[in-house]
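Numbering of the sequence shown is given in the working numbering, commencing with residue 45 and proceeding in unit increments.
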Amino acid sequence: MSWSKIAAVGGWSTVFPLKSVGIEVFPTEDIEDVGKFIRHIARSREYGIIFVEESLYDEIADVRAEFADSDLPAIILIPSVSGSEGLGTSIIRETLKRAAGRDIMAEE
Numbered sequence: 045m046s047w048s049k050i051a052a053v054g055g056w057s058t059v060f061p062l063k064s065v066g067i068e069v070f071p072t073e074d075i076e077d078v079g080k081f082i083r084h085i086a087r088s089r090e091y092g093i094i095f096v097e098e099s100l101y102d103e104i105a106d107v108r109a110e111f112a113d114s115d116l117p118a119i120i121l122i123p124s125v126s127g128s129e130g131l132g133t134s135i136i137r138e139t140l141k142r143a144a145g146r147d148i149m150a151e152e
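1) Work out the CA separation of residue 151 and residue 145 for me, nearest whole Å.
2) Can you list, in chain order, the residues of its chain with a C-beta nearer than 8 angstroms to that of residue 96? Leave out the 5 residues immediately preceding and following it.
3) Indicate the three-state DSSP secondary structure (helix, strand or coil) for residue 61 in the structure shown.
4) Which residues mark the beginning and the end of the beta strand (DSSP E) in which residue 93 is found?
5) Can you give the Cα-Cα distance for residue 60 and residue 147, rounded to whole angstroms?
6) Assign residue 139 to one of two classes, buried (16 or more other C-beta atoms within 10 Å of its C-beta) or exposed (fewer than that).
7) Would you list the residues sitting across from residue 50 in a DSSP beta bridge?
8) Where do the ends of the alpha helix (DSSP H) carrying residue 34 lie?
This is the structure:
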C-alpha cells in the first residue's frame, strides 16, 4: 500500500467541497460512524492523511489514542463551515512546545 490518498471525515457541508480537489470524502453526521470511518480508512493503509472536522475532536478521543503512536495516517483537524474553534492551532502549539522546549508560536 502506498499511503498516498487523502480522506476527509465530517459533516457533509464541511467535507463535500474537498472532493473537488481530489480528497476522498466520508460525510456523516452520526458520531458512531466517525470512529468507524477513521478506523476503516487508517487500517486500509491507503491514506496518508485523514482530515477530521474539528467539532468531532472530543468524540474521537478513543480513535485518536488508538493511532497516536502511528506515523501514518496523520489525523488532522479542519474547521467546519461554521468556523474554527482553534483546536488545531492549540494542538500544533502544544506539540511545538514539547519539541522545542518553549512556545515558539508566542507573539512577541
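C-beta: ideal position from N, C-alpha, C; glycine also. Only a predicted model underlies this, so the values are computations on that prediction, with no experimental measurement involved.
Reading off the structure:
1) Translated into positions along the sequence shown, residue 145 becomes position 101. Translated into positions along the sequence shown, residue 151 becomes position 107. Near 16 angstroms, if we compare the C-alpha coordinates of residue 151 and residue 145.
2) The residue you call residue 96 lines up with position 52 of the sequence shown. Contacts found: 52, 53, 54, 78, 82, 104, 119, 120, 121 and 122.
3) Stepping through the sequence shown from its first residue, residue 61 is reached at position 17. Residue 61: helix per DSSP, three-state reduction.
4) Locating residue 93 in the sequence shown gives position 49, counting from the first residue. Where residue 93 is concerned, the enclosing beta strand (DSSP E) starts and stops at 91-97.
5) Here residue 60 refers to the residue found at position 16 of the sequence shown. Here residue 147 refers to the residue found at position 103 of the sequence shown. For residue 60 and residue 147, the distance between alpha carbons rounds to 35 angstroms.
6) Numbered from its first residue, the sequence shown carries residue 139 at position 95. Burial call: exposed.
7) As a position in the sequence shown, residue 50 is number 6, starting the count at 1. Paired residue(s): 93.
8) With the chain running from 45 to 152 in the structure shown, residue 34 is simply not present.
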